[in-house]
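Asker:
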Amino acid sequence: MEKTIVDFVKVLRTAEVKVSPAETLDVMAAIEFVGYEDRALFKNTLSMLLAKNPEEKETFETCFEKFFTFDDVMQAPVAGGSPDEAEDSDAFEDENSGNNPQGQPGGKGSGQGSGNPSEAEDAESGNEDTPPPTSALGQLLLQGTRSDLMVAMAEAGRAVEVNQIVVFTQKGLYTRKIMDQMGLKALQEEITERQEAADRGEQRLAGKLKRARDQLRDQVRDYVEKQFFLHADEHGKQLREELLKKVKLSNLEKRNHKDVQEIVFKMAKKLVSIHSKRRKTHKRGQLDIRKTLRHNMQYDGVFFDLKWKSVKVDRPKVMCICDVSGSVSNYSRFLLMFLYSLAEIIPKVRSFAFSSDLAK
Amino acid sequence: MPDALLARAVQPLPVALPNLFKRGSPLTLDRDEHLATIEAIHSGLAGLNYISNEQIATAVFLAYHLDKPVLIEGPPGVGKTELAKSVADMLGISCIRLQCYEGLDESKAIYEWKYGKQLLYTQVLKETLGEILDGAKGLTESVAKLHEFGDVFFSEEFLEPRPLMKALKEEAGCVLLIDEVDKSDHEFESLLLEMLSDYQLSIPEIGTIKANPDRKPLVFLTSNNTREISDALKRRCLHLYIPFPDADLESQIVQARVPEVPAELRRQLVTFIQALREMDLKKVPAISETIDWAKALILLHTESLDADLVKQTLNVILKFQEDIESVTGEVQMLTNKALKGS
Chain A
6 MEKTIVDFVK VLRTAEVKVS PAETLDVMAA IEFVGYEDRA LFKNTLSMLL AKNPEEKETF
66 ETCFEKFFTF DDVMQAPVAG GSPDEAEDSD AFEDENSGNN PQGQPGGKGS GQGSGNPSEA
126 EDAESGNEDT PPPTSALGQL LLQGTRSDLM VAMAEAGRAV EVNQIVVFTQ KGLYTRKIMD
186 QMGLKALQEE ITERQEAADR GEQRLAGKLK RARDQLRDQV RDYVEKQFFL HADEHGKQLR
246 EELLKKVKLS NLEKRNHKDV QEIVFKMAKK LVSIHSKRRK THKRGQLDIR KTLRHNMQYD
306 GVFFDLKWKS VKVDRPKVMC ICDVSGSVSN YSRFLLMFLY SLAEIIPKVR SFAFSSDLAK
Chain B
1201 MPDALLARAV QPLPVALPNL FKRGSPLTLD RDEHLATIEA IHSGLAGLNY ISNEQIATAV
1261 FLAYHLDKPV LIEGPPGVGK TELAKSVADM LGISCIRLQC YEGLDESKAI YEWKYGKQLL
1321 YTQVLKETLG EILDGAKGLT ESVAKLHEFG DVFFSEEFLE PRPLMKALKE EAGCVLLIDE
1381 VDKSDHEFES LLLEMLSDYQ LSIPEIGTIK ANPDRKPLVF LTSNNTREIS DALKRRCLHL
1441 YIPFPDADLE SQIVQARVPE VPAELRRQLV TFIQALREMD LKKVPAISET IDWAKALILL
1501 HTESLDADLV KQTLNVILKF QEDIESVTGE VQMLTNKALK GS
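Chains A and B are the protein sequences, given in the same order.
Our numbering applies: residue 6 is where the first sequence begins, and numbers increase by one.
Our numbering applies: residue 1201 is where the second sequence begins, and numbers increase by one.
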């Protein structure tokens, strides 16, 4: 589980929530105390220790929901799902029921509206005489519960380091890798073997396994896609932002303007927070008795060198005269955006624009 | 004289320790009981008319069990300061408050020397110097004799503890409320770091003062987000954000705080306030304003909202003339809306 927390912290960092190693350690200590059983408590604890301002809390909320939700990955049945799927989902909803989906009568009749009836019948009649699958993945697919499958998938994902995914085109690759890790090869072999067998039950099992395999592939693809959005999407955004910061202003394209606005706002905020608290000590103000006494002790306690304290907060005033004529329109657009962002934060921003006449 | 002073400084300690020990056990039990589970905190605070939500109770729970300060942020008037006070009341311990402002420094927050007394002491010392150095031959011997009676000048005798140090010295534990920490200077934040991470303070002349390890103070910091708090400070704290409450919670709060308000009026005024919060105002009304308004309406013997009354009492909930002007036009509509729900 520690690894999971570290992974989650990584996800938060890519989503621009600043999490220090010390905070990660704090989370570990806290979790030892609160445990994993109560999801709301777990979430609140993490939220308090990791996200430290309202914006970060919001980001945290979305990341947490994406990261710690597995159920919907598994619950969304693929269109045209086989009766097995229905049985399986029943087993999941009713967690106390038996693990063996083949023995579940509930799934047979309900069999999903979109499912092919003849196929359902086929599967139904074959229930009694299909032998149990031999490959590990096959057993898991037909006999394991959804949560078993989910855990296996997550483990395989971790083994192939799906969180390293960077670009969209890698999705297929990672899907394949996860399937391989889960034991696709053995399953394939079993399917081929059973298909060639003369026994009808064997063949039926092969068909079943095949369907389950295709479904699993879709699910793994979904899983990888989610992981991609979690790990790589933000990463891509960062990459884009870095690039935009370096690109020449005149080369900016219209589609980038939204991103630029975000960056500009961040820059302006940084600038303001640095400069809004400059202090100046004056020769006037309140008498600093403490300093005076200390300082004058060397003169036998006679006060003749007085110390004053006074703090002046310097709020920057920004005055801008801007040429907005066509030749520099790209630059001035950037500047005006910057000023606009500044104006939201500092009260005193005055801008004058001109192309031929000056206007405020 | 200095010897006598020294003796006095040392004496109280051995007496104080067993006392503390005796008082200790029942108190611990009591406090642990109050903070044992999140539900216990919930109901404990509710008993004091502070209606908490899941996050608030969890924050108090974690703060106590992990020994971490809580940084509370949120718009003004949602009960940040009140939380600290209520927790102190719940646990039956004192609440030491440090109000932050621009220019607050260590002499106001941590400690100050009693300069007047120190000056007097030097005077006395000067007079008795002859006796102390009696019989000493040569400078070396005199200096050695001077060293013998210890350095009382910078000792706890002459120390005036300020809130932070008072909180550390509180043997039975306490709630330390550092209010509006965002109003203080950056330098002050750095002063707080040692206190917040290790529950200790260093005084160069004396050494380090530590809190009683079994009864560390529960520290709450509040901030209105007027400026960004430094990462170093945030890292050491649990972060709790208290937003404006939803209608349900607000109604519960009003009921707890102003029980005289009839249910129907309570529902109306909560609906009205919630609608106001949706508007684009300079300062939206907070819970404290809702409570004030409820009290005002009770004083005016109101049983149901009506537009005229609302117009007359708008200044209770809105604190800017511009806001009042912009809302006045909408009052009829908002009141109707609030009445309609019934």
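Where a beta carbon is used, it is the ideal one built from N, C-alpha and C, also for glycine.
Bear in mind that the values here come from a model prediction, so they are computed numbers and not experimental data.
Report the partner residues of Asp-185 of chain A according to the DSSP bridge assignment.
Answerer: Here the question's residue 185 of chain A lines up with position 180 in the first sequence. Per DSSP, none; premise fails for Asp-185 of chain A.
Asker: Quick check on His-1386 of chain B: buried or exposed, where buried means 16 or more other Cβ atoms within 10 Å of its Cβ?
Answerer: Against the second sequence, residue 1386 of chain B aligns to sequence position 186. By the neighbour-count rule (16 or more Cβ atoms within 10 Å), His-1386 of chain B is not buried but exposed.
Asker: Less than 7 Å separating the beta-carbons of Val-269 of chain A and Phe-343 of chain A?
Answerer: Taking the first residue of the first sequence as 1, we reach residue 269 of chain A at position 264. Taking the first residue of the first sequence as 1, we reach residue 343 of chain A at position 338. Contact flag set, yes.
Asker: Name the chain B residues that come within less than 8 Å of Arg-295 of chain A, Cβ to Cβ?
Answerer: To locate residue 295 of chain A, count along the first sequence from 1; it is residue 290. Here the neighbours are Ser-1307, Glu-1312, Trp-1313, Tyr-1315.
Asker: How is Leu-1377 of chain B classed by DSSP in three states: helix, strand or coil?
Answerer: As a first step, residue 1377 of chain B must be located in the second sequence, where it is residue number 177. It is a strand residue.
Asker: Among B:Phe-1444, B:Leu-1440, B:Val-1260, B:His-1347, which one has its Cα closest to the Cα of Thr-1237 of chain B?
Answerer: In the second sequence, the residue the question calls residue 1237 of chain B occupies position 37. Nearest of B:Phe-1444, B:Leu-1440, B:Val-1260, B:His-1347 to Thr-1237 of chain B, Cα basis: B:Val-1260.
Asker: Could you confirm whether any beta carbon from chain A is found closer than 7 Å to the beta carbon of Leu-1497 of chain B?
Answerer: Numbered from its first residue, the second sequence carries residue 1497 of chain B at position 297. Judged by the 7 Å Cβ criterion, Leu-1497 of chain B is not in contact with chain A.
Asker: Since Ala-1367 of chain B contacts Ile-1296 of chain B with CB under 8 Å, what's their CB separation in whole angstroms?
Answerer: One-based indexing of the second sequence puts residue 1367 of chain B at position 167. One-based indexing of the second sequence puts residue 1296 of chain B at position 96. Right, their Cβ atoms sit about 5 Å apart.
Asker: Would you kindly work out how many angstroms separate the C-alpha atoms of Ser-52 of chain A and Leu-1248 of chain B, rounded to a whole number?
Answerer: Your numbering for residue 52 of chain A matches position 47 in the first sequence. Your numbering for residue 1248 of chain B matches position 48 in the second sequence. If I take the Cα positions, the gap works out to 27 Å.
Asker: If you run the structure through DSSP and keep just helix, strand and coil, what is Tyr-1301 of chain B?
Answerer: Residue mapping note: residue 1301 of chain B aligns to position 101 of the second sequence, counting from 1. Looking at Tyr-1301 of chain B - three-state DSSP - the assignment turns out to be coil, as it is neither helix nor strand.
Asker: Shortest alpha-carbon distance to Lys-1495 of chain B belongs to which of B:Asp-1480, B:Leu-1391, B:Tyr-1321, B:Thr-1513?
Answerer: Working through the second sequence from its first residue, we reach residue 1495 of chain B at position 295. Comparing Cα-Cα distances from Lys-1495 of chain B to each of B:Asp-1480, B:Leu-1391, B:Tyr-1321, B:Thr-1513, the minimum goes to B:Thr-1513.
Asker: Taking beta-carbon pairs under 7 Å, can you tell me which members of the segment 1241-1268 of chain B lie near chain A?
Answerer: Against chain A - using a Cβ distance shorter than 7 Å - the residues of the segment 1241-1268 of chain B are Glu-1254, Gln-1255, Thr-1258, Ala-1259, Leu-1262, His-1265, Leu-1266.
Asker: Could you tell me the distance, in whole angstroms, from the CA atom of Ser-1397 of chain B to the CA atom of Thr-1408 of chain B?
Answerer: For the purposes of this step, residue 1397 of chain B is taken as the residue at position 197 of the second sequence. For the purposes of this step, residue 1408 of chain B is taken as the residue at position 208 of the second sequence. For Ser-1397 of chain B and Thr-1408 of chain B, the distance between alpha carbons rounds to 14 Å.
Asker: By alpha-carbon positions, which one of A:Tyr-41, A:Ala-191, A:Gln-232, A:His-236 ends up nearest to Lys-3 of chain A?
Answerer: The structure shown does not extend to residue 3 of chain A, since chain A spans only 6 to 365, so no value can be given for it.
Asker: Going by DSSP, what residue range makes up the alpha helix (DSSP H) through Pro-59 of chain A?
Answerer: In the first sequence, counting from the first residue as 1, residue 59 of chain A sits at position 54. 59-72 is the span of the alpha helix (DSSP H), which, as asked, contains Pro-59 of chain A.
Asker: Using a Cβ cut-off of 7 Å (strictly closer), state whether Lys-1383 of chain B contacts chain A.
Answerer: By one-based count along the second sequence, residue 1383 of chain B stands at place 183. Lys-1383 of chain B does not count as touching chain A.
Asker: Checking 7 Å against the spacing of the C-beta atoms, do Ala-1263 of chain B and Leu-1418 of chain B come in under that value?
Answerer: Position 63 of the second sequence, counted from the start, is the residue given in the question as residue 1263 of chain B. Position 218 of the second sequence, counted from the start, is the residue given in the question as residue 1418 of chain B. Contact flag set, yes.
Asker: According to DSSP, Gln-1400 of chain B sits in a beta bridge with which residue or residues?
Answerer: Position 200 of the second sequence, counted from the first residue, corresponds to residue 1400 of chain B. Answer is B:Lys-1410, bridged to Gln-1400 of chain B.
Asker: Would you call the segment 1431-1439 of chain B in contact with the segment 1466-1484 of chain B, where contact means no fewer than 3 C-beta pairs closer than 8 Å?
Answerer: Output reads no: the segment 1466-1484 of chain B does not touch the segment 1431-1439 of chain B.
Asker: Between Leu-1227 of chain B and Glu-1380 of chain B, what straight-line distance do the alpha-carbon atoms span, to the nearest angstrom?
Answerer: The residue labelled residue 1227 of chain B in the question sits at position 27 within the second sequence. The residue labelled residue 1380 of chain B in the question sits at position 180 within the second sequence. Because Leu-1227 of chain B sits at a pLDDT of 44, beneath the cut-off of 50, its placement in the model cannot be relied upon, and the following sentence gives the value as read from the coordinates. Rounded to whole angstroms, Leu-1227 of chain B to Glu-1380 of chain B spans 30 Å at the Cα level.
Asker: Spell out a yes or no on whether the segment 1308-1325 of chain B and the segment 1272-1285 of chain B are touching, meaning 3 or more CB-CB pairs, one atom from each, closer than 8 Å.
Answerer: No, they do not touch.
Asker: Under 9 Å Cβ-Cβ, which residues of chain B neighbour Pro-59 of chain A?
Answerer: Start at 1 with the first residue of the first sequence, and residue 59 of chain A comes out as number 54. Correct list: Glu-1273, Gly-1274, Asn-1425, Tyr-1441, Pro-1443.
Asker: On the CB-based measure, 16 or more other CB atoms within 10 Å of its CB, does Gly-108 of chain A come out buried or exposed?
Answerer: The residue given as residue 108 of chain A occupies position 103 in the first sequence. Unreliable positioning characterises Gly-108 of chain A in this predicted model, as indicated by a pLDDT of 38, which lies under 50. A coordinate reading is not provided.
Asker: Interface residues of chain A around Asp-1158 of chain B at Cβ under 7 Å?
Answerer: With chain B represented from 1201 up to 1542, any question about residue 1158 of chain B goes unanswered, as that position is not in the structure.
Asker: Could you tell me whether the segment 189-207 of chain A touches the segment 152-160 of chain A, where touching means 3 or more Cβ pairs closer than 8 Å?
Answerer: No, the segment 189-207 of chain A does not touch the segment 152-160 of chain A.
Asker: Quick one: give me the first and last residue of the alpha helix (DSSP H) that Leu-1266 of chain B is part of.
Answerer: Taking the second sequence and counting its residues from 1, the one referred to as residue 1266 of chain B is at position 66. Unbroken alpha helix (DSSP H) run through Leu-1266 of chain B: 1254-1266.
Asker: CA-CA distance, Gln-220 of chain A and Asn-168 of chain A?
Answerer: By 1-based counting over the first sequence, the position of residue 220 of chain A is 215. By 1-based counting over the first sequence, the position of residue 168 of chain A is 163. Between Gln-220 of chain A and Asn-168 of chain A, the C-alpha separation is close to 22 Å.
Asker: Mind checking Asn-1515 of chain B: buried by the 16 CB within 10 Å criterion, or exposed?
Answerer: Stepping through the second sequence from its first residue, residue 1515 of chain B is reached at position 315. Asn-1515 of chain B should be labelled exposed.
Asker: Could you compute how far the alpha carbon of Ala-273 of chain A sits from the alpha carbon of Ala-348 of chain A?
Answerer: If you number the first sequence from 1, residue 273 of chain A lands on position 268. If you number the first sequence from 1, residue 348 of chain A lands on position 343. Cα to Cα, Ala-273 of chain A sits roughly 9 Å from Ala-348 of chain A.
Asker: What are the boundary residues of the beta strand (DSSP E) that includes Cys-1312 of chain B?
Answerer: Position 112 of the second sequence, counted from the first residue, corresponds to residue 1312 of chain B. Per the sequence shown, the amino acid found at residue 1312 of chain B is Glu instead of Cys. Residues 1311-1313.
Asker: Quick check: is the beta carbon of Lys-312 of chain A nearer than 7 Å to any beta carbon in chain B?
Answerer: Walking along the first sequence from the start, residue 312 of chain A turns up at place 307. With 7 Å as the cut-off, Lys-312 of chain A does not count as an interface residue toward chain B.
Asker: Going by the CB atoms, is the gap between Arg-1477 of chain B and Phe-1520 of chain B shorter than 7 Å?
Answerer: For this step, residue 1520 of chain B is matched to residue 320 along the second sequence. For this step, residue 1477 of chain B is matched to residue 277 along the second sequence. No, these two residues do not count as a Cβ contact at 7 Å.
Asker: Judging by CA-CA distance, which residue of B:Gly-1303, B:Lys-1326, B:Gly-1244 is the nearest neighbour of Leu-1291 of chain B?
Answerer: Here residue 1291 of chain B corresponds to residue number 91 of the second sequence, with the count starting at 1. Out of B:Gly-1303, B:Lys-1326, B:Gly-1244, B:Gly-1244 has the C-alpha closest to the C-alpha of Leu-1291 of chain B.
Asker: Is it the case that the segment 223-237 of chain A contacts the segment 171-180 of chain A, given that we only count it when at least three CB pairs across the two stretches are under 8 Å?
Answerer: Taking 8 Å as the limit for Cβ pairs, the verdict is that the segment 223-237 of chain A does touch the segment 171-180 of chain A.
Asker: To the nearest angstrom, report how far apart Asp-1267 of chain B and Ala-35 of chain A are at their CA atoms.
Answerer: In the second sequence, counting from the first residue as 1, residue 1267 of chain B sits at position 67. In the first sequence, counting from the first residue as 1, residue 35 of chain A sits at position 30. Looking at the two C-alpha atoms, the distance is approximately 10 Å.
Asker: Asn-301 of chain A touches chain B at which residues, Cβ-Cβ below 9 Å?
Answerer: Counting from one through the first sequence, the residue named residue 301 of chain A turns up at place 296. Within 9 Å Cβ-Cβ: nothing; Asn-301 of chain A doesn't reach chain B, min ~11 Å.
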